[in-house]
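Working notes for the structure below.
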Amino acid sequence: MSRVDVIMPQMGESIVEGTVSRWLKKVGDEVKRDEAILEISTDKVDAEIPSPAAGVLAEIKVPEGETVAVQTVVAVLETEAAVHAAAGAAEKDAADVAGDVAREVPSAPAAPAPTAASSAPRAPAAPSAPSPSDSADDLLRHRSTPLVRRIAAEHGVDISRIDGTGHAGRVTKKDLLAFIESGAHRAAPAAAPRPAAVPPSGELAHPTVEAWPGDVVEPMSRIRKLTADHMVISRRVSAHVTSFYEVDFTRISRLRASIKAQYRERGANPTYLTFVIKVIADNLRKHRVVNASVSGDSIIYRQSVNIGIAVALDWGLIVPVLKHADELSLFGIAKNAADLAERARTKRLNPDEVQQGTFTITNPGGFGSFVGAPIINQPQVAILGIGAIEKRPKVITMDDGQDVIAIRTLGMLGMSYDHRVVDGADADRFMADVKQDLEAFPEGAV
Numbered sequence: 535m536s537r538v539d540v541i542m543p544q545m546g547e548s549i550v551e552g553t554v555s556r557w558l559k560k561v562g563d564e565v566k567r568d569e570a571i572l573e574i575s576t577d578k579v580d581a582e583i584p585s586p587a588a589g590v591l592a593e594i595k596v597p598e599g600e601t602v603a604v605q606t607v608v609a610v611l612e613t614e615a616a617v618h619a620a621a622g623a624a625e626k627d628a629a630d631v632a633g634d635v636a637r638e639v640p641s642a643p644a645a646p647a648p649t650a651a652s653s654a655p656r657a658p659a660a661p662s663a664p665s666p667s668d669s670a671d672d673l674l675r676h677r678s679t680p681l682v683r684r685i686a687a688e689h690g691v692d693i694s695r696i697d698g699t700g701h702a703g704r705v706t707k708k709d710l711l712a713f714i715e716s717g718a719h720r721a722a723p724a725a726a727p728r729p730a731a732v733p734p735s736g737e738l739a740h741p742t743v744e745a746w747p748g749d750v751v752e753p754m755s756r757i758r759k760l761t762a763d764h765m766v767i768s769r770r771v772s773a774h775v776t777s778f779y780e781v782d783f784t785r786i787s788r789l790r791a792s793i794k795a796q797y798r799e800r801g802a803n804p805t806y807l808t809f810v811i812k813v814i815a816d817n818l819r820k821h822r823v824v825n826a827s828v829s830g831d832s833i834i835y836r837q838s839v840n841i842g843i844a845v846a847l848d849w850g851l852i853v854p855v856l857k858h859a860d861e862l863s864l865f866g867i868a869k870n871a872a873d874l875a876e877r878a879r880t881k882r883l884n885p886d887e888v889q890q891g892t893f894t895i896t897n898p899g900g901f902g903s904f905v906g907a908p909i910i911n912q913p914q915v916a917i918l919g920i921g922a923i924e925k926r927p928k929v930i931t932m933d934d935g936q937d938v939i940a941i942r943t944l945g946m947l948g949m950s951y952d953h954r955v956v957d958g959a960d961a962d963r964f965m966a967d968v969k970q971d972l973e974a975f976p977e978g979a980v
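For this note's numbering, add 534 to where a residue sits in the sequence shown, where the first one is 1.
Below you can see the structure in the form of structure tokens.
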């Protein structure tokens with residue numbers, strides 16, 4: 535018999551850890567290759583993880599509810615040698631895929647590799663907060679535990695000045711105590727910190743309030759806690775501005791009605807979202823600054839057009855990514871977007887399907903919202919929110935110049951963008967083109 539490790543996968547570009555939500559198999563159970571063996575939760579996705587090989591679950595190393603770093607061995611399978619060889623090939627394929635992701639131009643500096651602990655940490659300069667150019671990925675990589683932060687606060691230590699030996703360079707309790715014992719934190723003269731656009735390194739401290747008699751207090755789920763952190767970090771990292779445009783979807787409403795039957799026969803549904811994705815994808819090729827990321831003092835103009843589609847779930851929010859959307863037909867977008875959403879709801883997304891997004895679309899209008907100002911999905915620079923699309927009165931000008939009130943199918947689009955790199959003129963030119971293309975959507979494109 536051979537042994538095969540089951541590892542915690544990396545389910546997104548900025549994800550450094552995951553939580554074992556539920557074991558679907560118990561020790562001693564036989565499992566088939568690619569059969570779901572456990573469920574994990576991250577801030578990007580809740581997913582079922584398939585077995586890398588056929589065999590018997592010999593050992594569970596990480597219990598339910600425990601959070602561990604990516605690449606941690608969470609279980610061990612016992613397999614026949616032949617199956618083990620096949621599993622090895624599969625692991626190599628997975629490693630190749632991970633290597634391809636790693637070789638992509640990063641949106642932020644790569645996480646530092648863990649280093650050996652030092653009894654003489656570097657003497658810090660005056661405590662300072664991260665610069666405005668620090669990315670959300672940087673902030674997340676340098677989080678420490680509440681215990682470490684408490685000890686640091688008691689001793690007046692700036693954690694960001696310590697070389698961490700934990701996963702992805704995080705500062706551990708051992709690192710902090712060694713630093714304090716060295717006396718280095720007392721040797722440096724105090725100086726006024728620079729104004730910070732983002733919080734100091736470490737987990738965000740959310741305010742607490744008192745629960746009143748009769749209130750129900752429930753701890754946040756892991757995905758909710760990490761989503762909360764990401765939203766706050768995004769607001770502080772990016773200079774958010776939102777532009778709103780009203781779009782007349784009357785023409786698209788008629789086109790939808792004319793193709794709905796044939797699309798459904800082929801297993802797809804031409805929703806309003808389908809048309810919006812198509813027009814957005816086409817315009818991202820023309821407006822490069824909206825399809826970009828900020829990396830320190832540089833701008834990365836993405837060559838791929840990968841559109842994230844926010845999917846609301848009972849347990850949180852997931853953003854699967856429609857890769858190379860600009861290369862898909864309207865039917866291809868309808869079919870692929872629906873497939874991603876369905877697999878998101880049933881926890882069957884693959885790791886690469888929640889990575890490498892370059893622009894995000896969220897559709898709160900499906901719940902009746904008139905308009906909204908969504909928060910940017912880091913490290914992207916823009917996100918589009920679609921309001922409710924419904925019949926409303928509108929003043930239109932007839933061919934003879936007369937103004938009349940008509941019933942039209944209207945919807946509001948709101949795009950939040952990062953004003954560090956996207957100027958108002960850039961955003962408005964992009965949105966004006968999107969509006970024009972939606973209102974004059976060609977029949978030949980359906």
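By construction, the Cβ of each residue, glycine as well, lies at the ideal position given by its N, Cα and C atoms.
Straight through space, the alpha carbons of L789 and A916 are spaced by roughly 28 Å. For V610, the pairing in a beta bridge is given by DSSP as D539, E593. Here I767 is buried. Its C-beta has 16 or more other C-beta atoms within 10 Å. Fewer than three Cβ pairs drawn from the region 558-569 and the region 769-779 lie within less than 8 Å of each other, which leaves the two stretches out of contact. Taken in chain order, the unbroken stretches of beta strand (DSSP E) that lie wholly in the region 797-851 and span 3 residues or more are 826-829, 832-835, 841-843, 845-847. Remark: three or more beta-carbon pairs, one from each stretch, lie closer than 8 Å, so the region 774-784 and the region 949-963 are flagged as touching.
As for any beta strand (DSSP E) of minimum length 3 sitting wholly inside the region 888-920, the runs are 893-896, 916-920, ordered along the chain. A residue is called buried when at least 16 other Cβ atoms come within 10 angstroms of its Cβ; M754 does not meet this threshold and is exposed.
Inclusion of L972 and V813 in the CB contact set at 8 Å is warranted, their separation being smaller than that value. The alpha-carbon of L851 is positioned some 25 Å away from that of L862. Within the model, the alpha-carbon separation for I833 versus N825 is close to 10 Å.
Beta bridge pairing from DSSP links W557 with L572.
Here G945 carries a strand assignment [DSSP, helix/strand/coil]. At the C-beta level, S903 and A875 stay beyond 8 Å of one another. Separation of M542 and V608 (C-alpha to C-alpha, rounded to the nearest whole angstrom) is 6 Å. Around the C-beta of E752, fewer than 16 other C-beta atoms lie within 10 Å, and the residue is accordingly described as exposed. In the displayed model, S950 falls within a strand according to three-state DSSP.
Note on M965: 16 or more other CB atoms within 10 angstroms of its CB, so buried under the neighbour-count rule. Within the same chain, Cβ atoms closer than 8 Å to the Cβ of E593 are found at V561, A609, V610, the five residues on either side in sequence being excluded. A direct Cα-to-Cα measurement between E614 and L558 gives close to 22 Å. The C-beta of F901 has fewer than 16 other C-beta atoms within 10 Å across all chains shown, which makes the residue exposed.
As computed with DSSP, E582 is found in a beta bridge with E573. Its chain contains L789 as the residues whose beta carbon lies nearer than 8 Å to that of E977, once the 5 sequence neighbours on both sides are disregarded; these appear in chain order. Bridge pairing for K925: T943 [DSSP]. The Cβ atoms of V845 and A815 do not sit closer than 8 Å to each other. Nearest to H858 by C-alpha distance, out of A878, Q890, D831, Y835, is Q890.
The residue from L591, Q970, G945 with its alpha-carbon nearest to that of G899 is G945. Shown here, I696 sits in coil according to DSSP, grouped into three states, outside any helix or strand.
L711 and T699 have their C-alpha atoms roughly 13 Å apart. Q544 sits close to P885, with the two beta carbons spaced by under 8 Å. Taking the Cα of V554 as reference, the smallest distance to any Cα among R537, K869, V538, E582 is reached at E582. Short of 8 Å from the beta carbon of E598, and not among the five residues preceding or following it, lie these beta carbons of its own chain, in chain order: V554, S555, R556, W557.
The DSSP-derived three-state label of T784 is helix. Under the three-state reduction of DSSP, L883 is assigned to coil, being neither helix nor strand. Contact check between the region 864-884 and the region 791-810: three or more CB pairs, one atom from each, fall below 8 Å, which counts as touching. DSSP places A974 outside both helix and strand once states are collapsed to three, so it counts as coil.
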